[in-house]
Amino acid sequence: MQEFFQILTNIKFNWSIIETIAVFFSVIYVVLAARESIWCWVSAFISVSLYIHICYTAKLYPETGLQIFYLIMAGVGYYMWNKQNKEEIKEWSVFTHLGIIVLGAILTFFIGFYFATYTDSVMPITDSFTTIFSLIATYMVVKKVLGNWLYWIVIDLVSVYLYFNRDLHLTSLLFFAYTIIAIFGYFSWVNRMKING
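Read left to right, the sequence shown gives residues 1 to 197 (this note's numbering).
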């Protein structure tokens, strides 16, 4: 236990105003999404606009592309959640999820291989994993698929390591908080399905 605290005291925590603002709006986004509030998409728009710059500067190129995708999905999500026939929370079959996981793993390998071979990308496989599965999970949020929260739990835990490795300590803490919020989000949506069902 003493070694653990010694490691923590030796960490030089990296602070940045732009990262702090991005983290703030990212937390607001996830909390509002868990509550099924349409305003989550406005917070998402602000945070991902800042993270485009942050990820590109950190040479996390697949993550930079992911942030651009998030920016587009913030608009799509706002539209989908705001339309008159609002999306209801639903769940996909186990076979659908298995197909998604296999496809995601294949795409992760090929995209990671490309960035490892042809760019100066840092941690390309891990970066590609979080990027590919975040694309899938974001689509699931827009469509209000319950399983999105389970994907986010895994993605967020891997992202803690990814961002910590790139000295984005505040973002690493953000993804640890995301993991906890995703667990609550899952059970919140389960309860909403029971109420609506």
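Each residue gets a CB set at the ideal place from its N, CA and C atoms; glycine is no exception.
**OP:** Using the Cα positions of residue 36 and residue 166, report the straight-line distance between them to the nearest angstrom.
**Re:** For residue 36 and residue 166, the distance between alpha carbons rounds to 32 Å.
task: For chain D, find out if any of its Cβ atoms is closer than 9 Å to the Cβ of residue 178; answer yes or no.
output: Here there is only one protein chain, and chain D is not present.
When DSSP labels each residue in this structure, what does residue 143 get in the three-state scheme?
In the three-state reduction of the DSSP assignment, residue 143 falls in the coil class, being assigned neither a helical nor a strand state.
*Between residue 41 and residue 47, what straight-line distance do the alpha-carbon atoms span, to the nearest angstrom?*
Residue 41 and residue 47 have their C-alpha atoms some 10 Å from each other.
message = Using 8 Å as the cut-off, can you tell me whether the segment 132 to 146 makes contact with the segment 58 to 77, which would need three or more C-beta pairs spanning the two stretches below that distance?
response = Touching, per the Cβ criterion.
Beta carbon of residue 160, beta carbon of residue 176: below 9 Å? Yes, these two residues count as a Cβ contact at 9 Å.
Could you tell me the boundaries of the alpha helix (DSSP H) in which residue 156 lies? Segment 148 to 165, the alpha helix (DSSP H) holding residue 156.
Task: Own chain residues within Cβ distance below 7 Å of residue 38, not counting five before or after - done: Excluding sequence neighbours, residue 38 sits near 78, 81, 82.
Express the C-alpha separation of residue 141 and residue 91 in angstroms, rounding to a whole number.
-> A direct Cα-Cα distance of roughly 11 Å separates residue 91 from residue 141.
* Taking just the CA atoms, how far does residue 181 sit from residue 49? -> Each residue's alpha carbon lies about 22 Å from the other.
Q. So what's residue 194 in DSSP terms, helix, strand or just coil?
A. DSSP, reduced to helix, strand and coil, places residue 194 within a helical segment of the structure shown.
Would you report the Cα separation of residue 122 and residue 62, rounded to the nearest angstrom? In this structure, the CA atom of residue 122 is about 10 Å from the CA atom of residue 62.
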